[in-house]
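The next block holds one structure in the form of structure tokens; read it before the comments.
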Amino acid sequence: MGKTALVVGATGLIGRELVEQLLEQERYDQVWIVVRRSKRWSHPKLHEVVGFEGMDEALPHIDDVYCALGTTIAVAGSRQAFKYVDLELPLEVARVAKQHGAARYAVVSAQGASLRSPFFYNRVKGELENGLKVFGFEHLIIARPSLLLGDREEFRLGEKAAEVVSRPLQPLLLDKLPDAAPIQALHVARALIMAAEEGQGIEVLTSGMMQRMSQ
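For the sequence shown, this note's numbering gives the first residue as 9, with consecutive numbering after it.
Next comes the structure, spelled out in structure tokens:
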């Protein structure tokens with residue numbers, strides 16, 4: 009019997025890559041996603057739960073969780089709404105997944121995540137990382153990517169501007185400051201899946217580490 013993976017944030021930049029790559033993995037027989045609205049994606053391994061409220065009853069036994077939930081304050085509309093998506097939901101998913109047998113939890117955090125950060129975004133990510141440690145997963149994988157590259161469904165002006173400015177500098181950054189270099193979403197997804205194949209304890213993946221793993 010193969011494993012069962014759960015992906016939340018499946019419609020986002022990294023989430024879409026996770027789903028696509030997980031469906032190709034022989035070690036997974038089932039890939040479950042929890043979404044707000046049905047995506048009607050079709051694949052023999054793929055199963056969908058609509059609405060986070062019903063996931064506790066709908067989900068089967070889960071082995072590995074991949075959490076790519078995330079938004080911005082501008083998109084969410086308020087700090088409270090942002091914290092719901094980036095902090096409260098990932099922790100609720102952890103609680104439910106743990107009850108369903110999950111041993112591994114791989115989460116997309118952010119470069120600079122810290123409870124002591126002067127930036128609200130990074131403080132929330134720090135809260136998330138600390139909160140996940142409480143659940144005692146056999147293997148907690150924390151990805152801290154720098155600027156993400158890829159095609160988003162939603163337009164984010166600040167990130168797009170940063171991407172345009174940083175692209176010409178990427179070769180230099182990769183050579184001298186790999187953790188500061190922009191990283192493709194597909195590389196983050198690939199690194200998370202590779203890390204979840206084995207290991208234990210708490211594992212933190214920087215952008216430079218994920219770049220090397222995905223080569």
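No residue lacks a Cβ here, since even glycine has one placed at the ideal position from N, Cα and C.
Count the other C-beta atoms from every protein chain shown that fall within 10 angstroms of the C-beta of residue i, then say buried if there are 16 or more, exposed otherwise.
i    : result
M9   : exposed
E137 : buried
V4   : Nothing in the structure corresponds to residue 4, since the chain is present only between 9 and 223.
P126 : exposed
I210 : exposed
V172 : Any reading at V172 is ruled out, since the residue's pLDDT is 45, under 50, leaving its predicted position unreliable.
F128 : exposed
D183 : Confidence is the limiting factor: at D183 the pLDDT is only 48, short of 50, which leaves the residue's position unreliable and the question unanswerable from this model.
G78  : buried
D94  : buried
R48  : exposed
What are the boundary residues of the beta strand (DSSP E) that includes residue i?
i    : result
H147 : H147 to R152
D72  : D72 to C75
Rank the options by C-alpha distance to the C-alpha of residue i and give the top, closest one.
i    : options                   : result
H69  : T79, A121, G78 and H55    : H55
G109 : D72, E100, L99 and S86    : D72
A197 : V57, A89, V42 and V115    : V115
N130 : V43, T80 and K11          : T80
L30  : Q208, A203, V212 and S215 : A203
L26  : V101, V132, E34 and C75   : C75
L99  : T214, G216 and V132       : V132
Along the chain, where does the alpha helix (DSSP H) that runs through residue i open and close?
i    : result
D64  : M63 to A66
G216 : S215 to M221
M202 : A193 to A203
Assuming residue i contacts residue j under a Cβ cut-off of 8 Å, what Cβ separation, rounded to an integer in Å, is found between them?
i    : j    : result
V104 : L67  : 7 Å
F60  : L97  : 6 Å
D64  : K53  : Wrong, their Cβ atoms sit about 22 Å apart, outside the cutoff.
L156 : A193 : 5 Å
Can you give, in chain order, each stretch of the beta strand (DSSP E) that sits fully within the stretch 80 to 160 and has at least 3 residues? 112 to 116 and 147 to 152
Return the chain-ordered ranges of every beta strand (DSSP E) run that is complete within the stretch 15 to 63 and spans a minimum of 3 residues. 36 to 43 and 54 to 58
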